[in-house]
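Take a look at the structure below.
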Amino acid sequence: MSATTSPAPFTHTTVLLHETVEGVLHRPDGVYVDGTFGRGGHSRLLLSRLGPQGRLIAIDRDPEAIAAATSGETRVEDPRFCICHAPFAQMADELDRIGVHAIDGLMLDLGVSSPQIDNPERGFSFRFDGPLDMRMDTTRGESAADFLARADERQIAEVIRDYGEERFALPIAKALVARREGGSPVRTTAELSKVVAGAVKTREPGQDPATRTFQALRILVNAELEELEQGLSSALRLLRPGGRLAVISFHSLEDRIVKNFIAQHSKDVVDRRAMFAAPKPLALKALGRIKPSEAEVRANPRSRSAILRVAERTDAPLVEAPAAAPKSGKRKGGR
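Heads up: the sequence shown is residues 15 to 349, going by my numbering.
Listed below in structure tokens is the structure:
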């Protein structure tokens, strides 16, 4: 599809809606957090299932999501609900600010939402031409265009390879730097798509050559993987015994982090250096992995790659892992 195709009207179909709410809700009068409000699909259903003493705190870093929750026809008018403008990695601070120190459940619907993808001004999609922004929080941070304007070839290649799992990362980086040095740095989604198409010689049937590059830059700009790791760690400290964690991921990098985190805290691993040591207390119990039904995928093709993982906090005390030794070298992108 051409990068200049006109966008369709903004719509939002919530992925794995009932499965997520049923997975996380176990105590109707509990305190719950929706760490990625978006347009509120999961939140609205959860509110409809909560008891009169229940409470839902939503979090989102996108100002448009905050506006959708608090104004106009989409606003949520429920005394049991409030929303905070922040990344979900900062949920502990946000909850502490409003006097909440423990929760009964957390929902995370990772990645980019349909309204973000379908708005050309946000720069998330190669289907429409628009500014190459990609920030989920448009009030702060560096845009994708700004990163490409300052980063060197090695930095760009590392980001596209590691966050996009793109085997043509180096040719793409060379082409982007060559264009910049020629006096025409990439500033729009259409320009980026054109450069990538010229550098990528083969691609899987049905996949646009720019798919992996757009994913990589979006993950970098929003520090999505770092936020996920921090958010999961916060959730473990905040969840009461019996509390549930429900996370929807859409690509292998996200899902690997969620899968490994749940496994780390739910599976007993024998330490060969201390064979007879007492087993460590397990803070989580894995409850399952769910994928969309065929009917949901037909109705909403964007749900095809979604994976929902659900885990439950046990009553075991939380044993913090020892701090890892600092890694050598700079972070990707030099940030």
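Glycine is no exception: its CB is placed at the ideal position from the N, C-alpha and C atoms. Here the structure is a predicted model, which is why all the values come from computation and not from measurement.
Quickly, what does DSSP pair residue i with across the bridge? List them, please.
i: R226; result: Looking at the DSSP assignment, R226 forms no beta bridge with any residue, so it has no partner.
i: L70; result: Y46 and F95
i: T202; result: P145
i: I117; result: L253
i: G302; result: V324
i: D123; result: I262
Could you check if residue i is buried or exposed, using at least 16 other CB atoms within 10 Å of its CB as the buried criterion?
i: H350; result: In the structure as shown, the chain starts at 15 and stops at 349, and residue 350 therefore has no counterpart that could be examined.
i: S58; result: It should be noted that the sequence gives Arg, not Ser, for residue 58. With 16 or more Cβ atoms within 10 Å of its Cβ, R58 is classed as buried.
i: P295; result: exposed
i: H32; result: exposed
i: T50; result: buried
i: D166; result: exposed
i: A192; result: exposed
i: V214; result: buried
i: Q67; result: exposed
i: S85; result: exposed
i: V333; result: exposed
i: R136; result: buried
i: R349; result: Only weak support exists for where R349 lies, its pLDDT of 38 falling under 50; the value from the coordinates is given anyway. Exposed: under 16 other Cβ atoms inside 10 Å.
i: S20; result: Residue placement at S20 cannot be trusted, given a pLDDT of 38 that sits under 50; what the coordinates show is reported in the next sentence. S20 should be labelled exposed.
i: M15; result: Because the pLDDT at M15 is just 33, under 50, the model does not fix this residue reliably, and the point stays unresolved.
Among the options, which one has its Cα closest to the Cα of residue i?
i: E326; options: V126, R89 and R41; result: R41
i: I97; options: R136, N133 and R53; result: R53
i: T328; options: D269, D92, R89 and K281; result: K281
i: P331; options: D76, A297 and E310; result: A297
i: A72; options: E195, H99, R154 and M148; result: H99
i: L322; options: K273, G197, K299 and A277; result: K273
i: T88; options: P66, G68 and G55; result: G55
i: S127; options: E91, D107 and A320; result: A320
i: P101; options: D48, P129, S85 and N133; result: D48
i: L231; options: L146, T34, Q130 and D74; result: L146
i: L246; options: G197, D76 and F275; result: F275
i: E91; options: A106, S62, R75 and T34; result: S62
i: R181; options: T216, D43 and D151; result: T216
i: D269; options: Q130, L242, E310 and H279; result: L242
i: H279; options: V261, A300 and A260; result: A300
Pop quiz: residue i and residue j are said to be a contact at Cβ under 8 Å. What is the actual Cβ separation, rounded to whole angstroms?
i: V235; j: F161; result: 7 Å
i: R226; j: G257; result: Not a contact, Cβ separation roughly 36 Å.
i: L60; j: L39; result: 6 Å
i: D1; j: Q130; result: With the chain covering only 15 through 349, there is no way to say anything about residue 1.
Quick one: is residue i near chain B, going by C-beta distance under 9 Å?
i: A158; result: Reference to chain B is not applicable here, since this structure consists of a single protein chain.
State whether the stretch 77 to 89 contacts the stretch 108 to 124, with contact taken as three or more CB pairs (one from each stretch) at a distance under 8 Å.
no
I want to know whether the stretch 130 to 145 touches the stretch 245 to 265 - three or more CB-CB distances under 8 Å.
no
Under 8 Å: do the stretch 96 to 116 and the stretch 186 to 202 share three or more Cβ pairs, one atom per stretch?
no
Pairs of beta-carbons, one from the stretch 148 to 161 and one from the stretch 216 to 223, closer than 8 Å: are there three or more?
no
Counting Cβ pairs, one atom from each stretch, are 3 or more of them under 8 Å apart for the stretch 301 to 320 and the stretch 236 to 244?
no
Would you call the stretch 244 to 253 and the stretch 308 to 320 touching, i.e. three or more CB-CB distances under 8 Å?
no
Cβ pair count under 8 Å reaching 3, the stretch 146 to 155 against the stretch 171 to 188
no
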